[in-house]
Amino acid sequence: IDEAESILGTRQAWRGSNISNTVVPMFCAEMDGIQSLRDTVVILATNRPDLIDPAILRPGRIDRKIKVSRPNREECKSILSVYLKEGLPREHEKFDDMAEPFLDRLFSRSSAQEVLLLTLRSGSNRKMYWDDFISGAVIEGIMKRAKERAIERAIKGEDLSLKVDDLIVALETEFEEGSLLPAESNLEDWLQLLDMESKNVVRVRRPNEADKATEKTIRRAII
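In case it helps, this note's numbering puts the sequence shown at residues 71 to 293.
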């Protein structure tokens, strides 16, 4: 069940038409009823386990939790190998010659790769870079952009092969467009997706911005 929190969210204390008030008890009853069956596995997928009703996650129901972290450099390289298969028209025959420049840019910690600057309750700052936001789905989107560039060249009668520059430009475009960044009103929920406790973050802003009116902030009363 993907996006499990959307139908198995925490039930409300008040009476009403909230779907979770009905679906959660029904789901629990179904789970308890299949205990005698063999070879039956129920898997919930979610980015927000904190929103799932505790009754679902108690021992005997969904009682094994597996966290899938964001991929590191080697894991990103493995994901790239899915999209840069042998036989794909590309600038360099060797996979590493295509992948390494892309990974160097992705995992660079220069100012060009800074995305957000977090001010923590402790008073310290933490910078967030491109690789803090990367995932298999993001890499897939980047590869689609890169291949579209190659197709556009082919339509114009130019070289069809996928180039390293296509990968780099697609990577930069993915972040420059801001599609990976949250709306200002959604910052608190979005921090949860980065495995960060929003209560520990007092301010979020774009780095190196002179115009403070464009800063994305979270302000909390410090107790």
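Even for Gly, the Cβ is constructed at its ideal location relative to N, Cα and C.
Just the Cα atoms here: how many angstroms apart are residue i and residue j?
i, j, result
"V185", "R143", "18 angstroms"
"M213", "S194", "36 angstroms"
"D133", "L261", "25 angstroms"
"A216", "V111", "38 angstroms"
"R179", "E75", "34 angstroms"
"Q82", "P119", "17 angstroms"
"D229", "L187", "41 angstroms"
"L190", "I149", "33 angstroms"
"A240", "R196", "26 angstroms"
"D201", "S231", "27 angstroms"
Helix, strand or coil: how does DSSP classify residue i here?
i, result
"L217", "Residue identity differs from the one stated: residue 217 is Lys in this sequence, not Leu. K217: helix per DSSP, three-state reduction."
"G211", "helix"
"I149", "helix"
"G103", "helix"
"I77", "coil"
"A125", "coil"
"D120", "helix"
Looking at C-alpha atoms only, which residue of the options is the closest neighbour of residue i?
i, options, result
"A169", "R140, V234, D229", "V234"
"I71", "D202, I126, G211", "I126"
"S192", "A99, P277, V272, Y199", "V272"
"D58", "P141, C146, T92", "In the structure displayed, the chain extends from 71 to 293; residue 58 sits before or after that span and is not available."
"E145", "S205, R131, G211", "S205"
"K147", "D166, H162, P159, G130", "D166"
"S139", "N117, G211, Y153, F97", "N117"
"A115", "P129, E73, S231, D102", "E73"
"S113", "K135, P277, Y199", "According to the sequence as given, residue 113 is Ile; it is not Ser. Comparing Cα-Cα distances from I113 to each of K135, P277, Y199, the minimum goes to K135."
"E161", "D236, R275, L78, N270", "D236"
"L173", "I221, R276, S151", "S151"
Within the continuous beta strand (DSSP E) that includes residue i, where are the two ends?
i, result
"D138", "Correcting the residue type first, residue 138 is Val in the shown sequence and not Asp. Taken as a continuous stretch (DSSP letters only), V138 belongs to no beta strand (DSSP E), as it is neither H nor E."
"V272", "271-275"
So the alpha helix (DSSP H) residue i belongs to, where does it begin and stop?
i, result
"V234", "234-246"
Entirely within the region 153-202 and at least 4 residues each: give me those alpha helix (DSSP H) ranges in chain order. Correct list: 165-176.
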